[in-house]
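Chemist: Residue numbers (our numbering), protein chains in the order written: chain F, 24 to 252; chain E, 24 to 252. Glycine included, C-beta positions come from ideal geometry on N, C-alpha and C.
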DNA sequence: ACAAATTTAGACAGCCTTGTCCAAATCGTC
DNA sequence: GACGATTTGGACAAGGCTGTCTAAATTTGT
């Protein structure tokens, strides 16, 4: 829709550019101050436009807020699907490949600007706009989680993992690779890259202890290969 | 301090009662509306007192907010420690016992009113009061996570689990048993009891696949006992 | 029942915010 | 260079909120 083809009856190119910069600035201010605390003058200033222009483009504060959430949802979803497309379907080294995937997911979708903002807006104002966030839920987790589960199912079918319920496994994968980042997320912080890698590494190792095929067929002491840390 | 002994020079009994009802009402309003959107008149109305009484007790809006967060932190911490005290140190049936513990933790500390409110306030306003929430971090996760890790270490020492790093295991335990509740939490909802049990059951099963001692000493097909769901 | 402390209701000033209006300035295009 | 659309800045009304003040009503302890 946004990336559609040449709407030739388009107003000046700067028009759309301003719309974008307003939505961007608004996202930041809504996140920092909350809906009630967000100040249109401040949004206009941060967007580098006049207050009147904000009203020209978006009508009122509530419509602007809705535009912000829709924009973020759209961008985040695109990012998540692009990242899921890099899922290792035929891993050479399943541990390393899953860790790489988890790190990409975190860095490109969860810890980046859009991801942080969308998450915070959902947490903060989710109850105020039930239908808007129901829409997010359908378009977001409702579509991305099954997509991820399908990838894990394929990995199981290929003999790389032993999984009964791919949906549960997918959710637990996310829970595990983010287990060490919860406190940072809570406070709105951005984990350092090494924290992300650390959490992903620990998470994937545990995930594979639960769902991975045992490397040694039989006889060998089972935990010995892992427990020598 | 609050639970100290007999402050005999205490004003009327209703004084402290009113203070409590104000803080309680304020917690609800701050959560629903955010700090900026919270209305002192509304808080007073919900607390069943006059606006002036709110100011008499707490000075101004910011002090009231701080009192709310401190109160919630204190109560939640108490609840978490009380629940950790029920950790199964010598489990008869480790799966059932850990599931029970996870359910208690969720119901008594995370899904209850105080837990929901504290979580939302931290997410919403954490960046606005760095020192206040740093305090929460020290008193909360900083104390409860190690306490939980110590219990898991004891379980490993007792031969019930195989764990290298108890801190990591504790965080992953929490991540796993809450894996299926994330979306609900995001939107501020309260999961039903069956959802909590379901998530805890799946989480504990996976946790034990990763860290549990294999039930059959040797020879038997390893996943067979678990994979027949 | 009395005295002290607390609570209440209402009014009030000061401030901030939203959303509108308008004339002048600017921009993009032909 | 000229024209039309867009943007700008400033003024403006209407409304909401915080925090203070006061005198009257109520509660509490003795």
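What are the residues that DSSP puts in a beta bridge with residue 184 of chain F?
Modeler: Counting from one through the first chain, the residue named residue 184 of chain F turns up at place 161. DSSP output for residue 184 of chain F lists F:235 as bridge partner(s).
Chemist: Helix, strand or coil for residue 56 of chain F? Go by DSSP, reduced to three states.
Modeler: Position 33 of the first chain holds residue 56 of chain F. Helix at residue 56 of chain F.
Chemist: Alpha carbon to alpha carbon, how far is residue 138 of chain F from residue 21 of chain F? Give it in angstroms, no decimals.
Modeler: Residue coverage of chain F in this structure runs from 24 to 252, which leaves residue 21 of chain F outside it and unanswerable.
Chemist: Looking at the C-beta of residue 175 of chain F, does it have a partner C-beta in chain E at a distance below 8 Å?
Modeler: The count along the first chain starts at 1 and reaches residue 175 of chain F at position 152. For residue 175 of chain F, the answer is no, since every Cβ of chain E falls outside 8 Å of its Cβ.
Chemist: Just how far apart, CA to CA, sit residue 145 of chain F and residue 170 of chain F?
Modeler: Indexing the first chain from 1 puts residue 145 of chain F at position 122. Indexing the first chain from 1 puts residue 170 of chain F at position 147. Between residue 145 of chain F and residue 170 of chain F, the C-alpha separation is close to 22 Å.
Chemist: In this structure, does DSSP put residue 126 of chain F in helix, strand or coil?
Modeler: Taking the first residue of the first chain as position 1, residue 126 of chain F is located at position 103. Residue 126 of chain F falls in the helix class under three-state DSSP.
Chemist: Runs of 4 residues minimum, wholly inside the segment 135-197 of chain F: which ones carry the alpha helix (DSSP H) assignment?
Modeler: DSSP runs (the alpha helix (DSSP H)) wholly in the segment 135-197 of chain F: 136-148, 153-162, 164-180.
Chemist: Of all the CB atoms in chain F, is at least one closer than 8 Å to the CB of residue 164 of chain E?
Modeler: Start at 1 with the first residue of the second chain, and residue 164 of chain E comes out as number 141. Yes - at least one Cβ of chain F is within 8 Å of the one on residue 164 of chain E.
Chemist: Which residues in chain F sit within 7 Å of residue 191 of chain E, going by Cβ to Cβ distance?
Modeler: Start at 1 with the first residue of the second chain, and residue 191 of chain E comes out as number 168. 225, listed in chain order.
Chemist: Hey, is residue 136 of chain E's beta-carbon within less than 8 Å of any beta-carbon in chain F?
Modeler: For the purposes of this step, residue 136 of chain E is taken as residue 113 along the second chain, with counting starting at 1. False, the Cβ-Cβ gap to chain F never drops below 8 Å.
Chemist: For the putative contact between residue 213 of chain F and residue 195 of chain E, defined by C-beta atoms under 8 Å, what is the C-beta separation to the nearest angstrom?
Modeler: Locating residue 213 of chain F in the first chain gives position 190, counting from the first residue. Locating residue 195 of chain E in the second chain gives position 172, counting from the first residue. Their Cβ separation, rounded to whole angstroms, is 22 Å, which puts residue 213 of chain F and residue 195 of chain E out of contact at 8 Å.
Chemist: Please classify residue 143 of chain F as buried or exposed, where buried requires at least 16 neighbouring CB atoms within 10 angstroms.
Modeler: To locate residue 143 of chain F, count along the first chain from 1; it is residue 120. The residue in question, residue 143 of chain F, is buried, as its Cβ has 16 or more Cβ neighbours within 10 Å.
Chemist: Taking only the alpha-carbon atoms, compute the straight-line gap between residue 78 of chain E and residue 92 of chain E and give it to the nearest angstrom.
Modeler: Locating residue 78 of chain E in the second chain gives position 55, where the first residue counts as 1. Locating residue 92 of chain E in the second chain gives position 69, where the first residue counts as 1. Whole-angstrom Cα-Cα distance: 17 Å.
Chemist: Along the chain, which unbroken stretches of the alpha helix (DSSP H) at least 4 residues long are found entirely within the segment 43-91 of chain E?
Modeler: Within the segment 43-91 of chain E, the complete alpha helix (DSSP H) runs of at least 4 residues are 63-70, 74-81.
Chemist: Any beta carbon of chain E sitting closer than 8 Å to that of residue 206 of chain F?
Modeler: Counting from 1 along the first chain, the entry for residue 206 of chain F is found at position 183. It does; some Cβ of chain E falls within 8 Å.
Chemist: Could you tell me which chain E residues have their CB closer than 8 Å to the CB of residue 156 of chain F, listed as they occur along the chain?
Modeler: For the purposes of this step, residue 156 of chain F is taken as the residue at position 133 of the first chain. Under the 8 Å cutoff, chain E gives 210.
Chemist: Taking 8 Å as the cut-off, decide whether the C-beta atoms of residue 227 of chain E and residue 125 of chain E are in contact.
Modeler: Position 204 of the second chain, counted from the first residue, corresponds to residue 227 of chain E. Position 102 of the second chain, counted from the first residue, corresponds to residue 125 of chain E. Contact: yes.
Chemist: Comparing the C-beta of residue 195 of chain E with each C-beta of chain F, is any distance below 8 Å?
Modeler: Locating residue 195 of chain E in the second chain gives position 172, counting from the first residue. Residue 195 of chain E counts as touching chain F.
Chemist: Please state whether the Cβ-Cβ distance between residue 110 of chain E and residue 174 of chain E is less than 8 Å.
Modeler: What you label residue 110 of chain E is simply residue 87 of the second chain in a count that begins at 1. What you label residue 174 of chain E is simply residue 151 of the second chain in a count that begins at 1. Cβ atoms of residue 110 of chain E and residue 174 of chain E: closer than 8 Å.
Chemist: Would you mind stating whether residue 141 of chain F and residue 149 of chain E have Cβ atoms separated by less than 8 Å?
Modeler: Here residue 141 of chain F corresponds to residue number 118 of the first chain, with the count starting at 1. Here residue 149 of chain E corresponds to residue number 126 of the second chain, with the count starting at 1. Cβ atoms of residue 141 of chain F and residue 149 of chain E: not closer than 8 Å.
Chemist: Below 8 Å on the Cβ atoms is my guess for residue 44 of chain F versus residue 71 of chain F; work out the distance and round it to an integer in Å.
Modeler: Taking the first residue of the first chain as position 1, residue 44 of chain F is located at position 21. Taking the first residue of the first chain as position 1, residue 71 of chain F is located at position 48. The pair is a contact, with the Cβ atoms about 6 Å apart (cut-off 8 Å).
Chemist: Are the segment 152-159 of chain F and the segment 172-188 of chain E touching by the rule of at least three beta carbon pairs closer than 8 Å?
Modeler: Taking 8 Å as the limit for Cβ pairs, the verdict is that the segment 172-188 of chain E does not touch the segment 152-159 of chain F.
Chemist: Hey, could you find the ends of the alpha helix (DSSP H) residue 113 of chain E is sitting in?
Modeler: In the second chain, counting from the first residue as 1, residue 113 of chain E sits at position 90. Segment: none, residue 113 of chain E is in no alpha helix (DSSP H) and carries neither H nor E.
Chemist: For the segment 140-156 of chain E, list every residue whose C-beta sits within 9 Å of some C-beta in chain F, in sequence order.
Modeler: Residues passing the 9 Å Cβ filter: 142, 143, 145, 146, 147, 148, 149, 150, 151, 153, 156.
Chemist: Please state whether the Cβ-Cβ distance between residue 57 of chain E and residue 101 of chain F is less than 8 Å.
Modeler: For this step, residue 57 of chain E is matched to residue 34 along the second chain. For this step, residue 101 of chain F is matched to residue 78 along the first chain. Contact flag unset, no.
Chemist: Within its chain, find whatever has a CB closer than 8 Å to the CB of residue 99 of chain E; leave out the 5 residues flanking it on each side and keep chain order.
Modeler: Here the question's residue 99 of chain E lines up with position 76 in the second chain. Excluding residues within five positions, the ones whose Cβ falls inside 8 Å are 132, 137, 138, 141, 163.
Chemist: If we ignore side chains and look at the alpha-carbon of each, how far apart do residue 94 of chain F and residue 216 of chain F end up?
Modeler: Locating residue 94 of chain F in the first chain gives position 71, where the first residue counts as 1. Locating residue 216 of chain F in the first chain gives position 193, where the first residue counts as 1. Approximately 26 Å between the Cα atoms of the pair.
Chemist: Count the other CB atoms, across all protein chains shown, that sit within 10 Å of the CB of residue 7 of chain F; report buried if there are 16 or more and exposed otherwise.
Modeler: Nothing in the structure corresponds to residue 7 of chain F, since chain F is present only between 24 and 252.
Chemist: Run down chain E in chain order and give the residues with a C-beta less than 7 Å from the C-beta of residue 199 of chain F.
Modeler: For this step, residue 199 of chain F is matched to residue 176 along the first chain. Residues of chain E passing the Cβ test: 195, 198, 199.
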